[in-house]
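Peer 1:
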Amino acid sequence: MQLTSMYQEIILDHYRDPHGRGLREPYGGESHQVNPTCGDEVTLRVQLDDDVVRDVSYEGMGCSISQASQSILHDLVVGQPLPRAREIAADFLTLMQSKGEPAVAESLEDSLEDAVAFVGVGRYPARIKCALLGWMAFRDASEQAAVAQGGTG
Amino acid sequence: MQLTSMYQEIILDHYRDPHGRGLREPYGGESHQVNPTCGDEVTLRVQLDDDVVRDVSYEGMGCSISQASQSILHDLVVGQPLPRAREIAADFLTLMQSKGEPAVAESLEDSLEDAVAFVGVGRYPARIKCALLGWMAFRDASEQAAVAQGGTG
Amino acid sequence: MTGIVSGYDVEVLRKDFPILERRLADDHPLVYLDSANTSQKPRQVLDRLREHYEQHNANVARAVHQLGEEATAAFEGARDTLAAFVKAPSRDEIIFTRGVTEGLNLVANVLAWAEPPYRVGPGDEVLVTEMEHHSNIVPWQLLTQRTGATLRWIGLTDEGRLDLSNLDELITERTKVVSLVHVSNMLGTLNPVADIARRAHEVGALVVLDAAQAVPQLPYDVTATGADIVGFTGHKMLGPTGIGVLWGRRDLLAALPPFHGGGEMIEDVRMERSTYAGPPHRFEAGTPPIAQAIGLAAAADYLTAVGMDNVAAHEQAITAYALERLQAVPGIRILGPTTVEDRGGAISFTYGTLHPHDIGQVLDSLGIAVRGGHHCAKPVHRRFGIGASTRASAYLYTTTAEIDALAGGLEQVRRFFGVRF
Amino acid sequence: MTGIVSGYDVEVLRKDFPILERRLADDHPLVYLDSANTSQKPRQVLDRLREHYEQHNANVARAVHQLGEEATAAFEGARDTLAAFVKAPSRDEIIFTRGVTEGLNLVANVLAWAEPPYRVGPGDEVLVTEMEHHSNIVPWQLLTQRTGATLRWIGLTDEGRLDLSNLDELITERTKVVSLVHVSNMLGTLNPVADIARRAHEVGALVVLDAAQAVPQLPYDVTATGADIVGFTGHKMLGPTGIGVLWGRRDLLAALPPFHGGGEMIEDVRMERSTYAGPPHRFEAGTPPIAQAIGLAAAADYLTAVGMDNVAAHEQAITAYALERLQAVPGIRILGPTTVEDRGGAISFTYGTLHPHDIGQVLDSLGIAVRGGHHCAKPVHRRFGIGASTRASAYLYTTTAEIDALAGGLEQVRRFFGVRF
Ligand SMILES: Cc1ncc(COP(=O)(O)O)c(C=O)c1O
Ligand SMILES: Cc1ncc(COP(=O)(O)O)c(C=O)c1O
Numbered sequence: 013m014q015l016t017s018m019y020q021e022i023i024l025d026h027y028r029d030p031h032g033r034g035l036r037e038p039y040g041g042e043s044h045q046v047n048p049t050c051g052d053e054v055t056l057r058v059q060l061d062d063d064v065v066r067d068v069s070y071e072g073m074g075c076s077i078s079q080a081s082q083s084i085l086h087d088l089v090v091g092q093p094l095p096r097a098r099e100i101a102a103d104f105l106t107l108m109q110s111k112g113e114p115a116v117a118e119s120l121e122d123s124l125e126d127a128v129a130f131v132g133v134g135r136y137p138a139r140i141k142c143a144l145l146g147w148m149a150f151r152d153a154s155e156q157a158a159v160a161q162g163g164t165g
Numbered sequence: 013m014q015l016t017s018m019y020q021e022i023i024l025d026h027y028r029d030p031h032g033r034g035l036r037e038p039y040g041g042e043s044h045q046v047n048p049t050c051g052d053e054v055t056l057r058v059q060l061d062d063d064v065v066r067d068v069s070y071e072g073m074g075c076s077i078s079q080a081s082q083s084i085l086h087d088l089v090v091g092q093p094l095p096r097a098r099e100i101a102a103d104f105l106t107l108m109q110s111k112g113e114p115a116v117a118e119s120l121e122d123s124l125e126d127a128v129a130f131v132g133v134g135r136y137p138a139r140i141k142c143a144l145l146g147w148m149a150f151r152d153a154s155e156q157a158a159v160a161q162g163g164t165g
Numbered sequence: 075m076t077g078i079v080s081g082y083d084v085e086v087l088r089k090d091f092p093i094l095e096r097r098l099a100d101d102h103p104l105v106y107l108d109s110a111n112t113s114q115k116p117r118q119v120l121d122r123l124r125e126h127y128e129q130h131n132a133n134v135a136r137a138v139h140q141l142g143e144e145a146t147a148a149f150e151g152a153r154d155t156l157a158a159f160v161k162a163p164s165r166d167e168i169i170f171t172r173g174v175t176e177g178l179n180l181v182a183n184v185l186a187w188a189e190p191p192y193r194v195g196p197g198d199e200v201l202v203t204e205m206e207h208h209s210n211i212v213p214w215q216l217l218t219q220r221t222g223a224t225l226r227w228i229g230l231t232d233e234g235r236l237d238l239s240n241l242d243e244l245i246t247e248r249t250k251v252v253s254l255v256h257v258s259n260m261l262g263t264l265n266p267v268a269d270i271a272r273r274a275h276e277v278g279a280l281v282v283l284d285a286a287q288a289v290p291q292l293p294y295d296v297t298a299t300g301a302d303i304v305g306f307t308g309h310k311m312l313g314p315t316g317i318g319v320l321w322g323r324r325d326l327l328a329a330l331p332p333f334h335g336g337g338e339m340i341e342d343v344r345m346e347r348s349t350y351a352g353p354p355h356r357f358e359a360g361t362p363p364i365a366q367a368i369g370l371a372a373a374a375d376y377l378t379a380v381g382m383d384n385v386a387a388h389e390q391a392i393t394a395y396a397l398e399r400l401q402a403v404p405g406i407r408i409l410g411p412t413t414v415e416d417r418g419g420a421i422s423f424t425y426g427t428l429h430p431h432d433i434g435q436v437l438d439s440l441g442i443a444v445r446g447g448h449h450c451a452k453p454v455h456r457r458f459g460i461g462a463s464t465r466a467s468a469y470l471y472t473t474t475a476e477i478d479a480l481a482g483g484l485e486q487v488r489r490f491f492g493v494r495f
Numbered sequence: 075m076t077g078i079v080s081g082y083d084v085e086v087l088r089k090d091f092p093i094l095e096r097r098l099a100d101d102h103p104l105v106y107l108d109s110a111n112t113s114q115k116p117r118q119v120l121d122r123l124r125e126h127y128e129q130h131n132a133n134v135a136r137a138v139h140q141l142g143e144e145a146t147a148a149f150e151g152a153r154d155t156l157a158a159f160v161k162a163p164s165r166d167e168i169i170f171t172r173g174v175t176e177g178l179n180l181v182a183n184v185l186a187w188a189e190p191p192y193r194v195g196p197g198d199e200v201l202v203t204e205m206e207h208h209s210n211i212v213p214w215q216l217l218t219q220r221t222g223a224t225l226r227w228i229g230l231t232d233e234g235r236l237d238l239s240n241l242d243e244l245i246t247e248r249t250k251v252v253s254l255v256h257v258s259n260m261l262g263t264l265n266p267v268a269d270i271a272r273r274a275h276e277v278g279a280l281v282v283l284d285a286a287q288a289v290p291q292l293p294y295d296v297t298a299t300g301a302d303i304v305g306f307t308g309h310k311m312l313g314p315t316g317i318g319v320l321w322g323r324r325d326l327l328a329a330l331p332p333f334h335g336g337g338e339m340i341e342d343v344r345m346e347r348s349t350y351a352g353p354p355h356r357f358e359a360g361t362p363p364i365a366q367a368i369g370l371a372a373a374a375d376y377l378t379a380v381g382m383d384n385v386a387a388h389e390q391a392i393t394a395y396a397l398e399r400l401q402a403v404p405g406i407r408i409l410g411p412t413t414v415e416d417r418g419g420a421i422s423f424t425y426g427t428l429h430p431h432d433i434g435q436v437l438d439s440l441g442i443a444v445r446g447g448h449h450c451a452k453p454v455h456r457r458f459g460i461g462a463s464t465r466a467s468a469y470l471y472t473t474t475a476e477i478d479a480l481a482g483g484l485e486q487v488r489r490f491f492g493v494r495f
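Chains as they are written, first to last, in this note's numbering: chain A, 13 to 165; chain B, 13 to 165; chain C, 75 to 495; chain D, 75 to 495.
#1: Name, going along the chain, the residues of the region 132–144 of chain D whose beta-carbon falls closer than 8 Å to a beta-carbon of chain A.
#2: Per DSSP, what kind of secondary structure is glutamine 45 of chain A in: helix, strand or coil?
#3: Just how far apart, CA to CA, sit valine 454 of chain D and valine 200 of chain D?
#4: Measure the C-alpha to C-alpha separation of leucine 480 of chain D and alanine 268 of chain C and round it to an integer number of angstroms.
#5: Which first and last residues belong to the alpha helix (DSSP H) in which leucine 238 of chain C is found?
#6: Just to confirm before moving on: does the CB-CB distance between leucine 107 of chain D and isoleucine 442 of chain D stay below 8 Å?
#7: Counting only beta-carbon separations shorter than 8 Å, does threonine 16 of chain B have a partner in chain C?
#8: Could you say which of C:Asp432, C:His355, C:Arg117, C:Pro293 lies nearest to arginine 165 of chain C if we only look at CA atoms?
#9: Mapping the DSSP letters down to three states, classify lysine 115 of chain D as helix, strand or coil.
#10: Just mark alanine 102 of chain B as buried or exposed, buried being the case when its beta carbon has 16 or more other beta carbons within 10 Å.
#11: Any beta carbon from chain C within less than 8 Å of proline 48 of chain B's own beta carbon?
#12: Using beta carbons (cut-off 8 Å, strictly below), is alanine 373 of chain C in contact with chain D?
#13: With a 10 Å radius around its C-beta and 16 neighbouring C-beta atoms as the bar for buried, classify lysine 111 of chain A as buried or exposed.
#14: Is alanine 379 of chain D helix, strand or coil by DSSP?
#15: In chain C, which residues lie with their C-beta within 9 Å of the C-beta of histidine 207 of chain D?
#16: Give a yes or no on whether the minimum CB-CB distance between arginine 139 of chain A and chain C is below 8 Å.
#17: Could you pull the start and end residues of the beta strand (DSSP E) that threonine 171 of chain D belongs to?
#18: Answer with buried or exposed for aspartate 438 of chain C, where buried requires no fewer than 16 other C-beta atoms within 10 angstroms of its C-beta.
#19: Among residues of its own chain, excluding the 5 on either side of glycine 173 of chain D, which ones have a beta-carbon nearer than 6 Å to its beta-carbon?
#20: What distance in whole Å lies between the Cβ atoms of glutamate 176 of chain C and histidine 334 of chain D, which are believed to be in contact at a cut-off of 8 Å?
#21: On a CA-only basis, which of A:Leu94, A:Val90, A:Gly134, A:Gly40 is nearest glutamine 156 of chain A? Give me that one, please.
#22: Taking only beta-carbon atoms, is proline 108 of chain A less than 8 Å away from chain C?
#23: So, does the CB of aspartate 108 of chain C fall closer than 8 Å to a CB anywhere in chain B?
#24: Would you say aspartate 39 of chain D reaches chain B, if we count a Cβ-Cβ gap shorter than 8 Å as a contact?
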């Protein structure tokens, strides 16, 4: 069944055992995002250290897709220089807009690593917002953090 | 063709040569009526004399049906005691709501005389208002006139 | 069919609904349990729509030609049909709207500009409840914010019923409007509207009912509700989208100012000033949803032919069956009344820690359509400490086999995510 | 077909319109010359409607199931289609309404509550014209009466064009809105909207266009009009009733407050307060006219396939032909431009002293459908010293033979009433 194309094992793993969950101090920027169609929410904090993403901490409620996506986000961007983290975020958006095109996923594999597992979600328009919720919060919070430290924001 | 069932010769005669047209003094009540769907208008005055309709005078713009109907109204009610004039008006309303039923027209022939020629108009919902415009004005103006003279209004 | 007895043959009736024969992905037959969101349409409604467009299409109330007369007769005839369907004392009390949302906005909007005693202004209060659909909250927020009035609301008990314990504090001399849902689209609760209407009328408040879920399911009598205004929506009662009805007491409607301005709602227009037609046309500016009103009348005819008593009895029986089946599934918690008394057909629930999106997605892969989300009722979700729920809702075409499919599907959901409750 | 050459075969195209085969009383074929009132619908639109209801019906933006996704894709796809049809820079600038009347009311309504600089308040002025449809007069009367602003209007020349001689006195620093008709539904006049928009923008006024008669007839480019907001209506462009479009500049829409409150227009709802979605959803409260939007997209697809250039050329040719034929009938006086330059397809006229109702009734007995009355434009009738007129209006399916039938019918009207002019 098609279902496994959305719920790949790696997504279910992150959902059952999310990485980096919880809100932590200190942080340079925080963002709260709501998905108006289902009411799901996330609060996400970003801590920069000289333009390197030192921590991403988050809390909220949402479906397996949004939870797993936030967990993978944490894995991908923590430790990265902010410009590179933003590239990753842009690539993830591209993946979500690819309508599930395997070729797009393949071309992004180097950048997104495990996160290409989300390619199947792109075929379900109602779920794309779920996958993007944390990433929208990251874009917002990282901008704030950059501005706060007087960086490249 | 069906058309002649609406435009009976007697209606066309009244249209071409209306009776009692023009606004006259004195009058005890006046009413202005508008047909919102076509913009047709009539101003109609009623003069009572001891509960007898002494004069009905009118002016306005409208189609052959509304013009002829006002002319026939004038013929029917002038000289009648007000209660009888109201009966005639009620009968005309019944005729218009009869959906063109010949039996209804027949039963009203004694009361309405020539005016039963309007029976065919009842089959054209859009035109019923045209035929009734003057009669609505009469009801209104005659009530005013009755009140003004302290009568049965 | 097993398990329940209906006043009509559900399997035969289902043949009127072409979409129910649809096969979805992996050749699963459609199991449509989202009727509180929108209902499916019988062939009879679609045929009437098509016949109108192919044979009688014209604008109404404006043209002196055969098509125009036919279209006007059908449209105004639809008003008669809907008036009879909800036992309105007069056809002139039936206003056609896009849906109940527009109807409620119409009321909230004209009350800002009405003459006393209806005008809502500074110091006045509008009372709603915590179980309202957003469509019966936001219009009143806009009204009260813009006029300096205050919005108050009736809270809920843990069983999902209105908490009427402090009603005397909530309905006071300041209350100008009490607007509430007749049957909740989320909890399923059927509210004691006649009682509340009586209390509201004691202080001279207007009573407005959101009957979006009630009219499709119950034999309806607008005056028996005790309300002054009742709104409902066509697409939830087998009718087309884009059409709804607002019923209002004739003398009240006659005293209210217009809503939108435009064609058909006028008596005379001058550049300086206009005068307006009487109800219902005063509230129907512009070309109305002609074909949709005619289609809705066909839907009302269909429901009347089945018999609204039968529809209500089936809804009760299938809801009772579903409540029982669902409560037997480990991990299911029903939100709202768990038995069928004073209850409509919507059943919202949580399922362990699983998210409604995930539940809905797995069910969908089996052809089972339910709704997951806040169902346009965020405050009541918040009241129960959750953000979203899963909702199954039946209608006159729903079978017990479909309820069984749902119960079975939920077991598969659990297995798919590898959880136990 | 004789007399004109079109970019498509009109006789072949007519076969798409089932109603055009209808026989009326006395077996007269239908001669439908009332398209400015409402257009007829091609099979392609009716098929799309039926297919939607029979295969994909569900509510939009709310459900995570296959039907819901299909319905949402079709509905939001309709937004793309309509955006492309009028060359809107962004799909988010397309708001679905019931029709242009609702669209104009939406604008007038939100401007009462907008933040500066858009808010219309005491001392401000709104400018319309004397040739407006009631739908572009009454909403502005309501707005100005309720906010203490003033309504002014541009007068007309005897030829039925805007009298722009005193435009500098009418458009001043006080002018907040200029709202006018692009193509008059009564006079047929095509107005110089880009010029007027430029003048209005010099003083910072918003420009609103009633394009109800323009979009169906002309290749349309909303930004080329120079306007900030453009409204049109589906039923006049081969689409269903109950649907229209309001286009607005994205940054403007983003700055305006909501219109109706309810489902789908929100971001978050608490009992105390709500926040709202961005455009277009902010302005689409409640279940939208889903099937109707999809049907309208089918209509736009149909028009695009014929080619809007071809539609416009045919309209011009048939209007030129009709103007010529009608002016040859003794007693006919055309209201509005008598040649086809800067002119749309509606032709209103008087015929001796005969009343439009009588003219229309006799024509109807011959199967010829025209409109008699004030066409929801009483002020322009008053301007020309009359209460009502007869209007013939063609569309892409109209043939010269139908115009000939009209001319011949008018002669029979004259004979029937036994008058000479
Ligand atoms: C110029 C113009 N404006 C407004 C309207 C009103 O359109 P609707 O009734 O579809 O809202 C019409 C048509 O009736 C029109 O021709
Ligand atoms: C109780 C209730 N009120 C209001 C609405 C809104 O109805 P509509 O979207 O048709 O306007 C709904 C359905 O969505 C409902 O169930």
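No residue lacks a Cβ here, since even glycine has one placed at the ideal position from N, Cα and C.
As the structure is a computational prediction, the values presented were derived from the model and not from experiment.
Peer 2: Taking the geometry as given:
#1: Ala135, Arg136, Ala137, Val138, Gly142, Glu143
#2: strand
#3: 18 Å
#4: In a straight line, the C-alpha of leucine 480 of chain D is about 59 Å away from that of alanine 268 of chain C.
#5: No alpha helix (DSSP H) holds leucine 238 of chain C; DSSP gives it neither H nor E.
#6: yes
#7: no
#8: With distances taken between Cα atoms, arginine 165 of chain C lies closest to C:His355.
#9: coil
#10: Classification for alanine 102 of chain B: exposed.
#11: yes
#12: no
#13: exposed
#14: helix
#15: Residues of chain C passing the Cβ test: Gly336, Gly337.
#16: yes
#17: 168–171
#18: buried
#19: Thr307, Gly318
#20: 6 Å
#21: A:Gly40
#22: Reading off the sequence, residue 108 of chain A comes out as methionine, not proline. It does not: the Cβ of methionine 108 of chain A has no partner Cβ on chain C nearer than 8 Å.
#23: no
#24: The question about residue 39 of chain D has no answer here: the residues shown for chain D are numbered 75 through 495.
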